[in-house]
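Undergrad: My questions will all concern the structure given below.
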Amino acid sequence: MKIDNINNSLADILSHFSQSRVLVVGDLMLDRFVSGVVERISPESPVPVLTIKREDSMPGGAGNALANLVGLGVKAQVIGLIGDDDAGMLLSTRLATLGADPALLLVDPARPSIVKTRYLAGHQQLLRADQEKNIPLRDDQVSILLSRMDQHIDTVRAVLLSDYSKGLLRPDMVKAMIARAQKAGIPVLIDPKGTDYSHYRGADLITPNRKELEQATGGMETDSDEAVTRAAQHLMTTHGIKAVLATRASDGLSLIQSAQPPLHVRSRDIEVYDVSGAGDAVIATATAVLAAGGCLEQAAQLANLAGSIVVTKVGTAPIRAEELQSALAHQEAYSQHSQSGHMAPVMEWQEAAEQARRWRARGLRIGFTNGCFDILHKGHVAYLNQARAACDRLIVAVNNDSSVRILKGEGRPVNDQNARAEVLAALGAVDMVVCFGAEKPEADNTASDLIALLQPDLYFKGGDYTEDQIPEAPAVRKAGGRIHIMDHQEGHSTTQTIARMRS
4 MKIDNINNSL ADILSHFSQS RVLVVGDLML DRFVSGVVER ISPESPVPVL
54 TIKREDSMPG GAGNALANLV GLGVKAQVIG LIGDDDAGML LSTRLATLGA
104 DPALLLVDPA RPSIVKTRYL AGHQQLLRAD QEKNIPLRDD QVSILLSRMD
154 QHIDTVRAVL LSDYSKGLLR PDMVKAMIAR AQKAGIPVLI DPKGTDYSHY
204 RGADLITPNR KELEQATGGM ETDSDEAVTR AAQHLMTTHG IKAVLATRAS
254 DGLSLIQSAQ PPLHVRSRDI EVYDVSGAGD AVIATATAVL AAGGCLEQAA
304 QLANLAGSIV VTKVGTAPIR AEELQSALAH QEAYSQHSQS GHMAPVMEWQ
354 EAAEQARRWR ARGLRIGFTN GCFDILHKGH VAYLNQARAA CDRLIVAVNN
404 DSSVRILKGE GRPVNDQNAR AEVLAALGAV DMVVCFGAEK PEADNTASDL
454 IALLQPDLYF KGGDYTEDQI PEAPAVRKAG GRIHIMDHQE GHSTTQTIAR
504 MRS
């Protein structure tokens, strides 16, 4: 099946995500990423020694599906179970920052919160350690969770069931939830697990990966478009499922539905860093599309695009609406930003942080510098070239317009922040541009918060400074970076340039 002129309609669907509400139900877990470097083998046994540099924790499982929905601009709530422990408290806090109501979480002292800890050297995963206790829900717990679903079912436009086979989605509870959604007239999408899909009967869409599809059909082949179609149709016929969106890794995904020809959507040629959470991004995006009034074909197109973006990230970083919008607008050019035909990206803070993590995972040294760069001159170019020669990737942070006025007074900047950012982005020495700065004189007007987020290895400052005179120095040192003071370029400054123009 071929869809023509779909991008405009997809952009329209994206614009309606913020008006949608979704209820997520499923297995909650805490994803921990312990990152470091391996430089030697243990003398005690032939295993690598990981020198830990940083640790990150974020919601996983159904929590990651929620994070992806929120990243897409959808208003979402999650129903799930946590333990009465530190991991459960942290997970509850993380979910609350995403807008989830902690009152919907069932606390069970009899089981620990599920924690998956991944140990990484660069972007290579060395080991995963899981903490979990798989116990089916008690009948009274099922009743509580169903009553909480009843409280929200009339306020949402779709239900997402995230099944990780960790004990929450008991088959009879899944059937009851599907029945409630059908009665309310809203679609149910399921990320399935296991080999028996009979309790998913009535679901509007399930999203098995290639291996899951093969296992659920008793070993049917899934190595071609035709084979995937046959296996999906078998599932639909056998278990009364309305549609299947099968994810196929580098082969993209396939949408199979009754009375419609199959749609096979290919993935772009991309560099994969981490597949953790890719399935959550796919089903979250598909759910967002249906909740916004889109069709299954549109859900397949956007879900494939979301999955191809997420696998370029490190860890379970969620998809964001801005990334999908950018990918739609520049679908052919969207990839890791190429150094040929150079035009560095101008990024928002969170997007910049994710790119910095990708660079760091590849072992690249990240440099950072900041300034007004009001009128670009020879001194700037020499300084940036010198900085870029000392690192693998250079991030340039540009003071926004209000920040420049605070620093330089009225009449400045001469060029607005967008113009300054675009000019810097065209320089061969620059790999990324980010804007920062205060809106009011009493606010922090340094780049310290941005440095804390990006954690550069090297911080460059030009001029006659000592480290104690640099306001960002404490943030650089706290992030583990080093400060490099560059040679002062005499006779070249924006102020002097403006003075010469006036004279």
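Per the working numbering, numbering through the sequence shown is continuous, rising by one, with the last residue being 506.
No residue lacks a Cβ here, since even glycine has one placed at the ideal position from N, Cα and C.
Mapping DSSP to helix, strand and coil, what is E325?
TA: Residue state, collapsed to three classes: helix.
Undergrad: Please state if the CB of R121 and the CB of R35 are separated by a distance shorter than 8 Å.
TA: Yes, the pair counts as a contact, with Cβ atoms nearer than the cut-off.
Undergrad: Quick one: Cα of I378 to Cα of L427, how far?
TA: I378 and L427: Cα-Cα distance of roughly 10 Å.
Undergrad: Inspect the beta-carbon positions of D226 and T210 and report whether they are closer than 8 Å.
TA: Going by C-beta atoms, D226 is not nearer than 8 Å to T210.
Undergrad: Please state the DSSP three-state secondary structure of P49.
TA: Reduced to three states, the DSSP call for P49 is coil.
Undergrad: If you measure between the beta carbons of V145 and Q134, is that distance less than 8 Å?
TA: No, Cβ-Cβ distance for V145 and Q134 is not below 8 Å.
Undergrad: Who does K464 pair with in a DSSP beta bridge?
TA: K464 pairs with I488.
Undergrad: Mind checking which residues open and close the alpha helix (DSSP H) that includes L93?
TA: First-last of the alpha helix (DSSP H) with L93: 89-100.
Undergrad: Identify whether Q144 lies in helix, strand or coil by the three-state DSSP scheme.
TA: Note: Q144 maps to helix in three-state DSSP.
Undergrad: Hey, G86 and S116: beta-carbon distance below 8 Å or not?
TA: Going by C-beta atoms, G86 is nearer than 8 Å to S116.
Undergrad: For R423, which of helix, strand or coil comes out of DSSP?
TA: Note: R423 maps to helix in three-state DSSP.
Undergrad: I'd like to check one pair, T250 with G282: are the Cβ atoms closer than 8 Å?
TA: Taking 8 Å as the Cβ cut-off, G282 and T250 qualify as a contacting pair.
Undergrad: Given 8 Å as the limit, is there contact between the stretch 375-390 and the stretch 472-479, that is, 3 or more CB pairs closer than that?
TA: The stretch 375-390, when compared against the stretch 472-479, does not touch it at the 8 Å Cβ threshold.
Undergrad: Are G29 and A68 close, meaning C-beta to C-beta below 8 Å?
TA: Yes, the Cβ-Cβ distance between G29 and A68 is below 8 Å.
Undergrad: So, do the stretch 251-269 and the stretch 47-54 have three or more beta carbon pairs nearer to each other than 8 Å?
TA: They do not touch, by the three-pair rule.
Undergrad: What is the rounded straight-line gap between the Cα of A113 and the Cα of I322?
TA: Rounded to the nearest angstrom, the two C-alpha atoms are 34 Å apart.
Undergrad: Taking 8 Å as the cut-off, decide whether the C-beta atoms of I398 and D434 are in contact.
TA: Closer than 8 Å, so yes.
Undergrad: Taking the alpha-carbon positions, what's the I3 to S329 distance?
TA: Outside the shown range of the chain (4 to 506) lies residue 3, about which nothing can therefore be said.
Undergrad: Quick check on E475: buried or exposed, where buried means 16 or more other Cβ atoms within 10 Å of its Cβ?
TA: Buried.
Undergrad: Buried or exposed, going by whether 16 or more other CB atoms sit within 10 Å of the CB of N402?
TA: Classification for N402: buried.
Undergrad: When DSSP labels each residue in this structure, what does G221 get in the three-state scheme?
TA: Here G221 sits in coil by DSSP.
Undergrad: For G297, would you say it is in contact with chain C, using Cβ-to-Cβ distances shorter than 8 Å as the test?
TA: The structure shown contains no chain C; it is built from a single protein chain.
Undergrad: Let me check understanding here. Comparing Cα to Cα, which of G188, L171, F439 lies closest to Q353?
TA: Q353 has its Cα closest to that of F439, out of G188, L171, F439.
Undergrad: V73 by DSSP, collapsed to three states: which one?
TA: DSSP places V73 in helix when its eight states are reduced to three.
Undergrad: Measure the CB-CB distance between L256 and A287 and report whether it falls below 8 Å.
TA: For L256 and A287, no; Cβs fall outside 8 Å.
Undergrad: What separation, rounded to the nearest whole angstrom, lies between the Cα atoms of V313 and R396?
TA: Near 21 Å, if we compare the C-alpha coordinates of R396 and V313.
Undergrad: Taking the runs of the alpha helix (DSSP H) that are 4 residues or longer, which of them lie wholly in the stretch 181-253?
TA: Runs of the alpha helix (DSSP H) inside the stretch 181-253: 213-219, 228-242.
Undergrad: Report the rounded CA-to-CA distance for N388 versus L299, giving the unit in angstroms.
TA: Distance between the alpha carbons of N388 and L299 is about 49 Å.
Undergrad: According to DSSP, is M346 helix, strand or coil?
TA: Coil at M346, not helix or strand.
Undergrad: With distances taken from CA atoms, which of Y386, A455, D460, F371 is nearest A436?
TA: Note on identity: in this sequence residue 436 is Val, with Ala being the wrong assignment. Of Y386, A455, D460, F371, the residue nearest in Cα terms is F371.
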